[in-house]
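What follows is one structure encoded as structure tokens, with my remarks underneath.
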Amino acid sequence: MNSRERMAIAMRHQQPDRVPVMCQLAVGHYFLHSGIPAEEIWFTSEGFAEALVRMQRRYRFDGILINVPGRPAGWLDRNVDSVKRDKDGQWLTLRTRDRIFIPNDDNAQFYPADETEPLRADFATIDPERLDFIDNLKGYVWGTEHIPWLEGKDVPGPLSVLPSYFFDTIDAVRRRVGHEVSVHGEVFSPLTHYMELFGYEQALMTFIMDPGKVHAILDRLSVAAVTWATAQARYGVDAVLISSAFVGGPFLSPRMYKEFVVPYERRVTEAVKAEGVPVYTHTCGSIGDRLDLMLETGTEGVDTLDPPPLGNTELAVAKQQIGDKVFIKGNMNAVELLLATNAQQVTDHASNRVLLGKPGGGYILSTACSVAPRVEPWKLEMLTPIAEALGEY
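Counting from 1, position 8 in the sequence shown corresponds to residue 8 in the numbering used here; the numbering is continuous, with no gaps.
Take a look at the structure:
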């Protein structure tokens, strides 16, 4: 059984030959450990694809998550005037005089040449029916990480349009791994788009100030999420992940989750499932009190399940509550993995998760959230051997 087959069976919450292993790596982890310059990873489809595959092969993961879409070929050469490196990272100065800082271990940060340029939308003045301009809000575009319109869209257009280079990273990964490894695409949830559009503090206040307008905007943002998700599903990814980072406690109460998350994420899951592709949800933080609500979105899998003290989800309880309905991925304490100083600590923690998650099938061994940039690679190299030793069915 190859990795792709193993993952497919687990995502049907059934029993493969063994528990699969697939961690989501922070972008900074690729910067530090792949041996590829950060600007090539962030701004080129080939650079990011090569980083993804190098780390997948090193760690023997059963799947690859492509969490940044394709980039236009030659963008760096056409747009970057200079690159200056220091001990903390690299500064790119664009020909527009805007600047981009790529830390050694974190996502790229955008600094406009015109400091008065609005980076986020203003809730008081925004018109839910006129959202085509949001690709010009650099705080929103860079905040979502996707940066879909690096070039090629000269005027505002509908949210349902994708750039021609959107699939280039998928193509580049497939050329390297064929169909032996499970390849997953990612979209941000409508509410994540909302949080990045207005900034976190302003966004949270609007849920109380004007919920009707919030719903109208989420309705429009759902179009983009559905478009990105279904496009990847039709293109042939093995699964689509909905990244929904801001919907756990204490960001949202269960009541707010039901009102502002469930109906909009359900649109995305239904659209992906209509294409015959598995869809699952990544949510950080405390979700133990809303696992049943997460299932109301129609998701087919739940990713992360942060354990205490990062969150409040116990794997054994989650397996009992939802394990017969959806697959489960995660629950390894990402901070504990970062702080581990010896192999026995990693073995004990990962083995416990395998033994708890394995019964009945439908479990994928993974860190609860992204692997931190500075987690030493030797720790991740241990995970698949542990699954091979303890995770056989």
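Just so it is clear, CB atoms sit at the ideal spot from N, CA and C, and this is done for glycine as well. Bear in mind the structure is a predicted one, so any value in this text is a computation, not a measurement.
Between residue i and residue j, is the Cβ-Cβ spacing less than 8 Å?
i, j, result
"Val223", "Leu159", "yes"
"Leu137", "Pro163", "no"
"Thr341", "Ile386", "no"
"Ala51", "Asp238", "no"
"Ser244", "Thr283", "yes"
"Val277", "Val247", "no"
"Leu383", "Leu356", "no"
"Val302", "Thr281", "yes"
"Glu94", "Asp81", "The question names Glu, yet the displayed sequence has Leu at residue 94. It is a contact, given that the beta carbons lie within the stated cut-off."
"Pro128", "Pro69", "no"
"Phe123", "Phe43", "no"
"Ile100", "Ala108", "yes"
"Ala350", "Leu365", "yes"
"Asp62", "Met11", "no"
"Pro307", "Asn333", "yes"
"Tyr194", "Ile170", "no"
"Gly400", "Phe251", "Look at the range of the chain in this structure, 1 to 393, and you will see that residue 400 is not part of it."
With DSSP as the reference, please indicate the residues paired to residue i in a beta bridge.
i, result
"Gln344", "Its beta-bridge partners do not exist; DSSP assigns none."
"Ala239", "His184"
"Ser82", "Thr93"
"Gln109", "Phe101"
"Phe133", "In the DSSP output, where bridge partners are listed per residue, Phe133 has none listed."
"Gly35", "Gly35 pairs with nothing; no bridge assigned."
"Met332", "Thr367"
"Arg18", "Glu392"
"Ser286", "Gly249"
"Tyr280", "Leu241"
"Leu65", "His184"
"Phe327", "Gly301"
"Leu25", "Val371"
Looking at the unbroken beta strand (DSSP E) that takes in residue i, where does it start and where does it end?
i, result
"Trp91", "Gly89 to Leu94"
"Thr304", "Gly301 to Thr304"
Thinking residue i and residue j are a contact (beta carbons under 8 Å), I'd like their distance in whole angstroms, please.
i, j, result
"Ala233", "Glu270", "So it is not a contact: roughly 12 Å between Cβ atoms."
"Asn104", "Asp88", "6 Å"
"Val354", "Leu310", "So it is not a contact: roughly 19 Å between Cβ atoms."
"Ser3", "Val183", "Their Cβ separation, rounded to whole angstroms, is 10 Å, which puts Ser3 and Val183 out of contact at 8 Å."
"Gly323", "Ala368", "With a Cβ gap of about 16 Å, Gly323 and Ala368 do not count as contacting."
"Ala38", "Ile102", "5 Å"
"Leu25", "Ser370", "6 Å"
"Thr299", "Val335", "At roughly 25 Å, the Cβ-Cβ gap does not stay under 8 Å, so Thr299 and Val335 are not in contact."
"His13", "Gly362", "3 Å"
"Val53", "Val177", "6 Å"
Got a sec, what are the start and stop residues for the alpha helix (DSSP H) residue i sits in?
i, result
"Tyr257", "Pro254 to Phe260"
"Arg120", "Unbroken run through Arg120: none, as it is neither H nor E."
"Thr192", "Pro190 to Phe198"
"Leu291", "Leu291 to Glu296"
"Pro377", "Pro377 to Glu381"
"Gln320", "Leu315 to Ile322"
"Phe167", "Here Phe167 belongs to no alpha helix (DSSP H), and DSSP marks it neither H nor E."
"Lys138", "Lys138 to Gly143"
"Ala8", "Ser3 to Met11"
"Leu159", "Element bounds for Leu159: n/a, residue is neither H nor E."
"Gly361", "Careful: Gly361 lies outside any alpha helix (DSSP H) and carries neither H nor E."
"Ala51", "Ser45 to Tyr59"
Exposed or buried, what is residue i when buried is set at 16 or more other beta-carbons lying within 10 Å of its beta-carbon?
i, result
"Val226", "buried"
"Gly74", "exposed"
"Ala267", "Sequence check: residue 267 is Arg here, not Ala. Arg267 should be labelled buried."
"Ala231", "buried"
"Glu151", "exposed"
"Arg57", "exposed"
"Lys319", "buried"
"Asp77", "exposed"
"Val19", "buried"
"Ile208", "exposed"
"Tyr30", "buried"
"Met55", "buried"
"Gly28", "buried"
"Tyr264", "buried"
"Val133", "One detail in the question is off: residue 133 reads as Phe in this sequence, not Val. Burial call: exposed."
"Gly143", "buried"
"Trp378", "exposed"
"Gly185", "buried"
"Ala172", "buried"
"Val272", "buried"
Of all the CB atoms in chain D, is at least one closer than 8 Å to the CB of residue i?
i, result
"Leu218", "Absence of chain D from the displayed structure is noted, only one protein chain being present."
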